[in-house]
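Student: Chains as they are written, first to last, in the numbering used here: chain C, 1 to 435; chain Z, 436 to 993; chain E, 994 to 1118.
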Amino acid sequence: MAGMIQNVTCPFCGCLCDDIRVVLEEGKVKEIYNGCALSQSRFAEAKRTENRNLQPLVRKGDAKLPVGYDEALNRAVEILASADHSLLYGWATTSCEAQRAGVELAELLGASIDDTSSVCHGPSTIGIQDVGYVTATLGAVKNRADVVIYWGCNPFHAHPRHISRYTVFPRGYFRKGRKDRKLVVVDPRRTSSSRIADLYVQPEVGHDYEILNALRAMLRGAKIAGPKVGGVPTGTLQQVAELMKRAEFGALYFGLGLSMSRGKHRNVEAALELVRDLNAHAKWVIGAMRGHYNVAGFNEVCAWETGFPFSVDFTRGYPRYNPGETSAVDLISNGEIDAILTVASDPVANLPAEVAGKIRRMPAIAVDPFKTLTTEAADVVIPSAVAGIEGPGTAYRMDGVPIELRGLCEPPPGLLGDDEIVLGMLQRLKGMGSR
Amino acid sequence: MKAELVLANGTVYDPANGIAGERMDICIRDGKIVEQVSEKAQRLDLAGKVVMPGGVDIHTHVTGSKVNAGRIMRPEDVRSSVSPRTSLTRSASGYTVPNVYQIGYTYARMGYTTVVEAAVPPLKARHTHEELSAIPILDKASLVLMGNNWLIMKYLSEGRDDLVREYAAWLLEAAKGYGIKIVNPGGTEAWGWGRNVEGVRDKVPHFDITPADTIKGLLKANEELNLPTSVHLHPNRLGKPGNYSTTLETMELVRNATTRMPRGQVLHVVHLQFHSYGGDSWRNFHSEADKLATAVNSSSNLTVDVGAVVFGWSTTMTADGPFEHDLQRLTHLKWTNVDVEAETGAGVVPHFYSMRNAVAVVQWCTGLELLLLIKPDRIFLTTDHPNGGPFSKYPQIIHLLMSRKHRDAMMEKLNPVCKKSMLSSLDKEYTLYDIAKITRAGTAKALGLAQKGHLGPGADADVAVYDLQPDSTEGLEKALSSAHLVLKDGTMVVRDGRILAAPAGRTYWARCQPTDKRGEMINGLREHFRYYTIQLENYPVSEEHLIRSSPVVPEVSS
Amino acid sequence: MDLILITGRTINQGRGTMTDRLGGFHQKNSAVIQMNGNDLTELGLDNRALVRVTSAFGEVVLRAEEAEEELPRGLAHIPYGPWASRLVGSDTGATGMPSFKGMKVKVQREAAEDVKPATTLGGPG
């Protein structure tokens, strides 16, 4: 395939931009247009074979030897089927088709399945389960919002086109663009995102809970005693409260600054409650800045398949959900997991070192297009095609809008997609008879 | 494979073919009902059993964005009803927000074989279809939300009925939907600003039209397109005391409209119970079911489904965003809201209908009154699942319909406001023939599904067999919850309440022929798409996403 | 010096995870601790000097730099990755989420060791 391909969906962050234009040359991505720096890297990386896993590998003795898919999948299923309690982890950077197969595999194995949400916006989901989630798709914000707040996130670095394609700069039906909107950034750091804000608020780390609740109290007419809350002058907070009350349509986007700091899901609850309370005065919505391009998709798939959004335990043959008990970090840290399958994820690099160490010491199968610390540590490495570049699939944007991914190029010779790989494991497991 | 089967000696209720409790044989070949079969046919003796066509649920919220938001928000509901996987079935969970397997298996056990997803936001239709594809056994169709769609409203305000028709046709195909759904027309758009509309003559903020314009305009397009079902409408002012007058006014809008389609109705009003209230506050809140019943009975072109209330927990979920905000302000329970750009919105709030609460009891009475007063050809049994209660409770309602004594016994346990209700004086008791109308024959006809809801030759062999006593309601609820036998396309899927097989069902959708206005509409659509945040080319759902895609191609009128 | 640590995403950390997870670009951009300029001065550190960062859960050698995303005094930032992970504890407080932000750390000059490559990381010790 050569020439320019329009309307391609970028498989990197939760913005899931679908207006990427890709130029192919000799069947490989030559360049892209409309994509941000992260998108550029994403499309470029696929063709750099030095970083790719090109052949399945299975540990035999001290070495990891190249084998065919058949042997690798057999070995993988052998490991998982003989484990007492395996964990199927990752899932956020692959297609819904692979995720569905993963859930079925976990159910059949009597394993646990979790995605990277549990260390990302899992606390946000826990907050939603207490309060609810008053939200809107991104276009509603583009068309209507006159006040946009980013709290505890740095879109310029993590979601580079969020502000420019979706919320503040674009021309919407009711808003002409930047001039028609007020941008507020709340962050302990004076980030690049904060530098284009009309109002910058600098809280101390770990005090968002008090600040959010102070705003709620102000909305109810309370006077806050003392000059500051959480490091923010009360006067500034009063300014924010007034701005929020007078908005015609406000949107608050929040990130890991809330879900990862002390208080975790309680911080998110406070933000969710603030936006809920605001709706008595003005139209407001809130949105979680989901990191990976299909982490929202995993929650959707897991929820319709099992009822629960992540951290699902199938050890009793039916789904159980209790983050803190059934979540990946706790399971591994508590010594409950004796084998792990990772799909499109690098927990050895990104989870706390103690957990990474435990993963290194247990039988591990890693399915990934790329070489990572996890694939280096794994006993079985299964290479895959990059979903969204080398194979199709479905993904869900951070606001729940489902968009198709496309296959644009051929993967390195013989490589299968994540969905085919997981289905291959499922097939083999079913062939083994009931456990 | 020409598998032949005779369901012999059962007591058959097939209202579409005028069969009211006759002992007869039903012959099946290759998944269809046929006149007769060869001697080699397998014979199943169903003496003493009741045989009906498989149930057809005309209005249920089972899949898609807001339903899944409900699941995610309510793990307490999910874990209240969990069953492990078996060699044949996946693990099932959830009570008012069941997972896809619970939905398929529970409906099948109840003898239902076709369901219609009540409301789909086209931007997220792909999500609906991913879930529909995962639901085992059932055939399905979905209704596409259009009543707050910006481009529809724009074309209506410009008087361009031709482009309304063209865009509606395009939207149905893009969303792979079967019919047109309108929810709180104008109101959900107003909710985009935190507002609502108060009646059919209210102007929609920023759009130069009224809900009446939207209803009439989409109705016209629906009939010009010869769609198999009529417009399905959730009127303005749902849930408000005194809203019955808005409902009557809404119905009045279509008094003279006609259709040439075999269904007969030009408008199907959904969950009428929630739109039948009198009074002007929660204190004098009461039922005006009799006024609605008179209006429906005297019309020739309306059908309704009841949206009855069942005591206990429900999860309210609707595209009527402002309603959910109001409910949340009343009950202070958790609240999810999802506005969908340029198209629609949704809200989800858990709700408990208490036997001690006067409002809930009035609602319960209202639903039963509607069912007892309106001719069973015109009203269908639903709970607006999960708004009035879970669909798994249909047998409870059926029991109440069939037994005056049971209704009286129930009313003894309720808030005494029910003693003042019209319900307490209604004697009517439904027969099984009537029940078959309101749960299958009538719904299939209103949906334009000619091969469903009956047992005549040519019908799909979707058959439900129940262990029902002929003259008693004893054991009725259990019998209807756990069918003796259920066939789907001639295959046994349920036996004594156990799932025997879980084949994939079909997805019906309407594929309309474009007219010569298609080009102009697409140009307008392309312009309009700058208000979206996805590309026009990426918006339509591809047929590969559907399981057993079964397009229906309406005839083109000249 | 005692500081509060937050870990997070940066554009270059993101690009590094894609193009060069096991190599130099990723290490250059993620094996760093970003600090307020005055804090660096007080510690007598030049830009890209080696420091040992210690939390209650572990320690790691990083290069210190002045943050482009400006930090107040007393606050430091390390991009996500195997270096940051050495400082994060696995106790989630029954939430599923470890403490990736807000931990107390000690930062001191490092004279002996260099930054360890990613491939030697991933696990305590």
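We treat Cβ as the ideally placed atom computed from N, Cα and C, and that holds for glycine.
Whole angstroms are fine: how far does the CA of Z:E687 sit from the CA of Z:S860?
Tutor: For the pair Z:S860 and Z:E687, the Cα-to-Cα distance works out to about 29 Å.
Student: When the cut-off is 9 Å and only beta carbons count, does C:T9 lie next to chain Z?
Tutor: yes
Student: Please classify C:D180: does DSSP put it in a helix, a strand, or coil?
Tutor: helix
Student: Any beta carbon from chain E within less than 9 Å of C:K264's own beta carbon?
Tutor: yes
Student: Which residues does DSSP pair with Z:L440 in a beta bridge?
Tutor: Z:I463, Z:Q477
Student: Quick one: does Z:P533 have its CB under 9 Å from some CB of chain C?
Tutor: yes
Student: Which one or two residues does DSSP pair with Z:D774 in a beta bridge?
Tutor: Z:D774 is bridged to C:A136.
Student: Need the endpoints of the alpha helix (DSSP H) that Z:I398 sits in, please.
Tutor: What the structure shows of chain Z is the stretch from 436 to 993, and residue 398 of chain Z is not part of that stretch, so it cannot be assessed.
Student: Z:N631 CB to nearest chain C CB: under 9 Å?
Tutor: So no, Z:N631 is outside the interface.
Student: Give the interface partners of C:G307 over in chain Z, defined as CB-CB distance under 7 Å, in chain order.
Tutor: Within chain Z, the residues near C:G307 are R506, V513, S528, G529, N534.
Student: Strictly by DSSP, which residues pair up with C:W284?
Tutor: C:G250
Student: Which residues in the same chain as Z:S500 place their Cβ atom closer than 7 Å to its Cβ, once the five residues preceding and following it in sequence are excluded?
Tutor: P556, K559, H562, V773, A781, listed in sequence order.
Student: Using a cut-off of 7 Å between C-beta atoms, extract the partners of E:R1008 located in chain C.
Tutor: A37, L38, S41
Student: Please state the DSSP three-state secondary structure of Z:A482.
Tutor: If DSSP states are grouped into helix, strand and coil, Z:A482 belongs with coil.
Student: Count the other C-beta atoms from every protein chain shown that fall within 10 angstroms of the C-beta of E:E1061, then say buried if there are 16 or more, exposed otherwise.
Tutor: exposed
Student: Please name the residues in the region 964 to 983 of chain Z whose beta-carbon is closer than 7 Å to at least one beta-carbon of chain C, in chain order.
Tutor: Here the close residues are Y966, Y967, T968, I969, Q970, E972, N973.
Student: Whose Cβ in chain C lies nearer than 9 Å to the Cβ of Z:V898?
Tutor: Those do not exist, as Z:V898 stays about 29 Å from chain C at its closest Cβ, beyond 9 Å.
Student: So which residues of chain C does Z:A569 contact, with C-beta pairs closer than 8 Å?
Tutor: R100, W304, E305
Student: Under 9 Å, Cβ to Cβ, is there at least one residue of chain C near E:K1099?
Tutor: no
Student: Determine, using beta-carbon pairs with one atom in the region 873 to 881 of chain Z and one in the region 804 to 819 of chain Z, whether at least three such pairs fall under 8 Å.
Tutor: They touch, by the three-pair rule.
Student: Counting only the same chain and skipping the five closest in sequence on each side, list residues whose C-beta sits under 6 Å from that of C:L274.
Tutor: L212, L215, R216
Student: Kindly provide the ranges of any beta strand (DSSP E) runs that are 3 or more residues long and lie completely inside the region 264 to 352 of chain C, ordered along the chain.
Tutor: 284 to 288, 339 to 343
Student: Helix or strand or just coil, what does DSSP make of C:C13?
Tutor: strand
Student: Would you kindly work out how many angstroms separate the C-alpha atoms of E:M1028 and Z:L580, rounded to a whole number?
Tutor: 52 Å
Student: Kindly indicate if chain Z contains any beta-carbon less than 9 Å away from that of C:R316.
Tutor: It does; some Cβ of chain Z falls within 9 Å.
Student: Given that E:S1078 touches chain C, what residues does it touch there, using C-beta distances under 8 Å?
Tutor: A349, N350, L351, P352, A353, A356
Student: Which value, in whole angstroms, describes the spacing of the CA atoms of C:E248 and Z:A754?
Tutor: 21 Å
Student: May I ask you to report which of helix, strand or coil DSSP gives Z:S665?
Tutor: coil
Student: If you measure between the beta carbons of C:L243 and C:H281, is that distance less than 9 Å?
Tutor: no
Student: Here's a check: name, in chain order, each residue in its chain whose Cβ is nearer than 6 Å to the Cβ of C:P155, leaving out the five neighbours to either side.
Tutor: H162, I163, S193
Student: Could you name the residues of chain Z that C:V131 contacts, counting a contact when the two beta carbons are closer than 7 Å?
Tutor: K769
Student: Buried or exposed for Z:V991, going by 16 or more other Cβ atoms inside 10 Å?
Tutor: exposed
Student: When you check each C-beta in the region 769 to 795 of chain Z against every C-beta of chain C, which residues fall closer than 7 Å?
Tutor: Residues K769, W770, T771, N772, V773, D774, V775, E776, A777.
Student: Here's the rule I'm using: 16 or more other beta-carbon atoms within 10 Å means buried, otherwise exposed. How should C:Q99 be labelled?
Tutor: The residue is buried, with at least 16 neighbouring Cβ atoms inside 10 Å.
Student: CA-CA distance, Z:W770 and C:A288?
Tutor: 16 Å
Student: Should Z:D897 and Z:L915 be called a contact, given that it needs their Cβ atoms to be closer than 9 Å?
Tutor: Cβ atoms of Z:D897 and Z:L915: not closer than 9 Å.
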